[in-house]
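Report on one structure; see the data block that follows.
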Amino acid sequence: MIFSRFFAPSHTSQNPEKRLEAIQNLSPEKPTDKTILHELAFNDANADVSLAALSKLNTFVLWLKMSQSAQHAKVKKIAERTVEAALMGQGDVNINANEKASFLRESANGELIQTVLVNDAKLLADQSLVMTLLHKVDKPAFTQTIFLQHADNALQQAILATIEDSSVLQKLEKKCRDNAIYGAIVAKLQQLKAQAEKPIELMRRVTLCLSKYQALVDKSDVEDIDKRQAELLAEYNDLMLDASILSTEEKTAVDAKFARISEKVTRHLSRIRPEWEAQKAAKEKAEIEALCKQHLSHATTQVNWLYGERLCEATLADVAVVNESVRALEVSAEHMASLGGSNKLLDEVRAGIAALNNSLEAFSMQQQYGQKLLICLSQVESLAEESLAEESFAEESEQQAAGTPTEPATSAQDAKEKGETEQTTDVLEAASTDATERASVEGEAVQAKVGQAKADKDSNVSQKAPESIEAEFKALSEKYHDLRNELIAVPSALNKRWHAASRVFSQKKQAKKAEVDHALRQCRKQISVVDNLIAQGKYRAAITKFEKLSASFESVPENVKKQLAKRFEKTAEDIAHLEGWQDYIAAPRKPALVEEAQALAATPVEDIKQRGEAIRYLRQQWLSLGAGSDDDTLQRAFDAALELAFQPCREHYAALDAEREKALKARQALIEQVAAIDLSQDEAVLAKVLDRTVKQWHECGQVEKRDYESLKQRWNKTISPLQTKVNQWHGMNKKAKQELVAKASALSAQEDIASATETAQQLQHDWKAIGHAGKRDESRLWREFRLANDALFGRLKEQRKAQSSAFNETFNTLFTQLNAIDSESDESAIATSIQDIETRAKDLPGAMRAKLDKKITGIQKQQQTRAQQRHVRKVQQRAQSVISVLSESLRAGDFTSISDDDADLLGKRWKSALSKPTPVQQSRHWLTVALEAATDIPSPQSDNSMRTNVQLTMMTAKLEKGESLSPAQLLEDWIAHGKVDDQETHLLERVVNVLDNNPEVVA
């Protein structure tokens, strides 16, 4: 202990070598030695001693502490290397996993973390640690390296969950090879894209909602406005639940716009509501008045129904139903009175109610009268049936007595020919007379049989004579009319039954009268015909007709005979004088007819039909005159003249026959052409061929009827296969187009109009690809298809109009924001504003985006122009500062007097050049001339030789060494000479002149 006072421990020696030797003898295991080693490691001034002590202790914690706190660079550097080696698992310093993780998490810098993490696979197994370290480093490139080269699937998924940058994800997508991770990246990109589009979509929907809200101020129906306002407010509130995704500016703008529109709508409602309520009250009054009128009409109809249809068989239930309708009318009238309805209408309704109540009160008595009327009507109908049975029996008796028809049936053609040739020849008249006589004899026999049959039926069927039936009907008719007068209204059904029953008797009476009138007219007509024939000289025909007239006159009733007796007797006397005179009368007429025929033959034909009628008339006249003694000569002359007159007609008919023959051949050729058609051709081609061929068939001329029937059958048989195939094709096309029409009609109900429009366009393309559906259906189907498309595209137009309104709103907002950008603002703020506007303008139409881009380009050009101007000003200010320093500080040789403003303007380069003069090779004079030459500033004449040498030197250096001295370098060398002497003042002036003319030298 005593020696310890005189001998100090070697580790405290002033000699570093001794301290190093002492460290070799110290043991970290001993607490005292360990303390000494700590002291030497952290407090010794010698770097080697500190390092030796640290190596003796050799713990990671101490090396780490030294790397952080060492004052000596060598110690700090070696400690950092040792720590890094320990973290990498190299060297003899041991570190456990927890210490390594704790160090990396808390103390390690980014570069060390990157190095360790890439080289230590064990660390990558701790997902939480890796994610913490990646977050601490915060370098996308390093994260991308770990993701692609070192991470397993779980770590990749964890890293992927933290990446929110689309550009990083796109890089990973290109380099990723794992399908599952690739799918996750794609999903994350889609999610980010959707998140980026959410604010835009939300703004679009909010803008559209506010546009609809704004449109309410143009409506006048308060009820509709209230309803739509509630719907739009609910929609707006639902949309604003996601307002957190909007920027503060957007949310503020939306809230302000919503408040502004809400105020407008409120003011609009307060302005129009009083008038609307007045109109509503007036409408309600009009509706109750209309309801009263309706109830009055209904109640009146019900009462009329009760009287008109249920008078005889109405029950208490029927009366109760009608009574209810009258009570409903009374309630409506009271309501109208409470609302102050029209007094005139109210009086009318009350009068109607009183009348209807009176009708209901009288209904019981009226029903009794109606039942009596029904009984009387039934008796009349029974009487009418008896009358009809009597008449029917009489007709059957006449038919049975007739046996065979009195005249043979004739065809329509025979009747026509008979009408044309009536009164032509004496032979025909004689035959007609004989037939009439036979018919008259047979008719008398029939009349006798009918009379006998009628008498038999009267005795068997009815005991009542016609006169008795008529008398009974008259009595019942009077009773019916008396009962009808007691009724307020007679049911229409009873009136119809009465008219039907009474019509039997009136028709029977009218039939008797018509029969008498007809007989009278026929006799008068026959008498007139006979008189006309006598006047025309047609005596033979008149005599024949008179025989018919005599038979008819004998068969008419006596009262008709009395009316015709005078005329009949006169005509009979005329006929008696005519017999025997016919030949005498006809003799002068035939030569005249021959002359007329010859004159007709000599006349040119203008109308074939008229010429034929004229020939027919002359032939009829000739035949009516009968045959005479010299008929042969006149007959031949008359026939020759008519033949000559008929020659143009014969030629005309021959031409018509030729045209019919031509048309016949044309139709036959067309049938052969159709038979040769190849049915395997395309249906569209066959359809055109069919249309063309049918048109040609109809354009062919007329043929004889007997030929046309056979041709028509051949035509139908030949064209049938072609027609069938084309019809089948038309049917398929019709079905396909009907399906297209159905699809097009269904599209109008779809909500996705854009998708529906694309489908409609495809349907239109499909429609064009389908062939014709036939003349009957094509136009109708096209009309339906077009209407369905018009409805859809009408909706599309409305949607685009709404979208256009929203786009205009967004465009105006963005354009206003562009106009509000202050070009003098900070460049980063302007760039941020422009980037935000460009993002929001992505969904706008191209034209609107072009206008915004043009405006943005203008703003950016203004920025560039102002930046250039600022740069020029800055350069000019720097040049003036350099001039000022050169003129004052450099000349005085004192750089401490440079002002702060000049120091800021000079910049680092020129401040350094002015504050640290250094020796240079060239003289200040040479540099002045070189500076003038480099800036094209003229040098004094005395320096011409030097300027030439300067230029030659500079050119040589450039060609041989590739070196080129810039004006700025020359100015730096000029300044490096230091203080400007009095002998160099003129050089300073020349340099100032250079800077005044070329401030960019100091840029």
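For what it's worth, this note's numbering labels the leading residue of the sequence shown as 4, then goes sequentially.
All C-beta atoms in this analysis are idealised placements derived from N, C-alpha and C, irrespective of residue type, glycine included.
| query | result |
| --- | --- |
| To the nearest angstrom, report how far apart S948 and L974 are at their CA atoms. | 21 Å |
| Report all residues from its chain with a CB closer than 7 Å to the CB of L23; omit the five preceding and five following residues, and keep chain order. | D51, V52, A55 |
| Ignoring anything shorter than 4 residues, give me the alpha helix (DSSP H) runs that lie fully in the segment 240-315, in order along the chain. | 251-311 |
| Using a Cβ-Cβ cutoff of less than 7 Å, which residues in the same chain neighbour V729 once the five nearest sequence positions on both sides are dropped? | E686, L689, A690, L693 |
| Please list, in chain order, all residues of the same chain as S1020 whose beta carbon is under 6 Å from its beta carbon, the five residues on each side excluded. | There is simply no residue 1020 to check, as the chain begins at 4 and stops at 1006 in what is shown. |
| Roughly how many angstroms separate the alpha carbons of N361 and G355, rounded to a whole number? | 10 Å |
| Report the option in Q297, L67, E312, A474 whose CA atom is closest to the CA atom of V493. | E312 |
| Is DSSP giving M134 helix, strand or coil here? | helix |
| If we require 4 or more residues per run, which alpha helix (DSSP H) segments fall completely within the segment 667-694? | none |
| Less than 8 Å separating the beta-carbons of L725 and I674? | no |
| Do you know how far the Cα of L158 is from the Cα of A233? | 51 Å |
| Assign N346 to one of two classes, buried (16 or more other C-beta atoms within 10 Å of its C-beta) or exposed (fewer than that). | exposed |
| Going by C-alpha distance, which of T547, E557, A644, V885 is nearest A595? | A644 |
| In angstroms, rounded to a whole number, what distance separates the CA positions of S335 and Y372? | 34 Å |
| For M91, does the three-state DSSP call read helix, strand or coil? | coil |
| One question on the structure: do F796 and W770 come within less than 8 Å of each other, judged by their Cβ atoms? | no |
| May I ask you to report which of helix, strand or coil DSSP gives V994? | helix |
| How many Å lie between Q986 and V997 at the Cα? | 19 Å |
| Does the segment 22-41 touch the segment 66-74, meaning 3 or more C-beta pairs lie closer than 8 Å? | no |
| Does the Cβ of I378 have 16 or more other Cβ atoms within 10 Å, making it buried, or fewer, making it exposed? | exposed |
| Nearest-angstrom Cα distance between G369 and E557? | Before going further, note that residue 369 is Gln rather than Gly in the sequence given. If you take the alpha carbons of Q369 and E557, they lie about 57 Å apart. |
| Grouping DSSP H, G and I as helix and E and B as strand, with all else coil, what is P3? | Not covered by the structure: residue 3. The range shown for the chain is 4 to 1006. |
| Relative to the C-alpha of I611, which candidate in A657, K569, K33 has its C-alpha closest? | A657 |
| Pull up the CB-CB distance for V268 and V189, whole angstroms please, since I reckon it's below 8 Å. | Not quite, the Cβ-Cβ distance comes to about 46 Å (not below 8 Å), so this is no contact. |
| Just tell me which of Q650, K573, A579 has its CA closest to the CA of A605. | Q650 |
| Inspect the CB distances between the segment 775-791 and the segment 811-823 and report whether three or more fall short of 8 Å. | no |
| Which whole-angstrom value describes the C-beta separation of N61 and D95, a residue pair presumed to lie in contact below a C-beta threshold of 8 Å? | 7 Å |
| Taking buried to mean at least 16 other C-beta atoms within 10 Å of its own C-beta, is V1004 buried or exposed? | buried |
| What residue ranges within the segment 690-752 form continuous beta strand (DSSP E) runs of no fewer than 3 residues, ordered along the chain? | none |
| Excluding sequence positions up to five away, which residues of its chain have a Cβ less than 6 Å from the Cβ of K737? | A776, D780 |
| Excluding the 5 residues flanking L213 on each side, which residues of the same chain have their C-beta closer than 7 Å to its C-beta? | K260, F261, I264 |
| Could you give the distance in angstroms between the alpha-carbon of E176 and the alpha-carbon of Y185? | 6 Å |
| Which of the three DSSP states, helix, strand or coil, is assigned to Q74? | coil |
| If I'm right that D846 touches R208 with Cβ under 8 Å, what's the distance once you round it to whole angstroms? | So it is not a contact: roughly 12 Å between Cβ atoms. |
| Where does E1003 sit, in a helix, a strand or coil, going by DSSP? | helix |
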